[in-house]
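K.L.:
The structure's right below; bear with me while I get my questions together.
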Amino acid sequence: MSFLSVTVEEPIGVDHCITIEEMGEGGVQAVCSCGWQSPVFGSDTTTGTMDPLQTATDAGDLHEWDMSLR
Ligand SMILES: [Zn+2]
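Here this note's numbering is used: the first residue of the sequence shown is 278, the next is one more, and so on.
If you want it as structure tokens, here you go:
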């Protein structure tokens with residue numbers, strides 16, 4: 278007897294709700310309710326003159342959009 282209880286929890290209709298988290302030091306990160314996280318924006322200078330909050334928001338939007346295509 279084997280107890281191969283593989284519980285594959287497939288969340289049906291998981292929604293992607295983006296929250297913008299402030300990471301301190303001016304860094305912001307988009308976090309989705311599905312567990313996805315964007316990189317932290319704004320904590321360094323790689324984004325240049327871009328608004329980190331806007332960048333994180335855009336990343337979140339992109340993720341939502343990307344997921345909606347599947
Ligand atoms: Zn998501």
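C-beta atoms are modelled at their ideal positions from N, C-alpha and C, and glycine is treated no differently.
Because the structure is a prediction, the values reported are computed rather than measured.
#1: Considering residue 327, what are the terminal residues of the beta strand (DSSP E) in which it resides?
#2: Check whether the Cβ atoms of residue 299 and residue 308 lie closer than 8 Å to each other.
#3: Nearest-angstrom Cα distance between residue 333 and residue 297?
#4: Would you decide whether residue 317 is buried or exposed? Buried here means 16 or more other CB atoms lie within 10 Å of its CB.
#5: Given a threshold of 16 other Cβ atoms within 10 Å of its Cβ, counted over all protein chains shown, does residue 345 qualify as buried or as exposed?
P.N.:
On the basis of the data shown:
#1: Neither: residue 327 is in no beta strand (DSSP E) and is coded neither H nor E.
#2: no
#3: 7 Å
#4: buried
#5: exposed
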